[in-house]
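Written out below as structure tokens is the structure these notes cover.
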Amino acid sequence: MKKTISCLRCGKREGFRKSHEKIKYKDDVLYLCVDCAQIAYKMKDAVIDMDSTLADELARDFVSLPEKPSKVLLSWFDEYKTRIGYPPPTNPKEAP
Ligand SMILES: [Zn+2]
């Protein structure tokens with residue numbers, strides 16, 4: 001029997017054409033739909049660009065959901081943030 005794949009963040013089921021991003025986390029496999037994965041990717045880019053304002057915004061976006069985010073999602077997200085180096089170091093030149 002084929003397991004229905006749904007997004008861990010928004011619960012959207014995997015569509016016919018667009019496949020969810022497969023994420024390995026500990027002994028588990030998690031899935032994020034393209035839209036939700038995009039937020040995570042943009043956040044990574046913001047960290048690389050040292051754009052802490054954007055990174056903060058995306059980090060908030062990721063966990064602001066109509067339903068309380070699941071524990072797995074939050075623990076994965078915590079791990080993800082550490083891995084991408086969030087929060088980005090603030091540029092001392094730009095500090096007031
Ligand atoms: Zn989603």
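Residue 29 in our numbering sits at position 29 of the sequence shown, with consecutive numbering throughout.
Where is the CB? At the ideal position from N, CA and C, for every residue including glycine.
Tell me which same chain residues have a C-beta within less than 7 Å of the C-beta of Leu8, skipping the five on either side of it?
Closer than 7 Å at the Cβ level, and outside the excluded window around Leu8, lie Leu30, Tyr31, Leu32, Ser70, Val72 and Leu73.
Give a single yes or no on whether Arg9 has its beta carbon closer than 7 Å to a heavy atom of ligand 1.
yes
Does the structure place the region 78-93 close enough to the region 39-49 that three or more beta carbon pairs sit under 8 Å?
yes
Can you tell me whether DSSP reads Ser19 as helix, strand or coil?
coil
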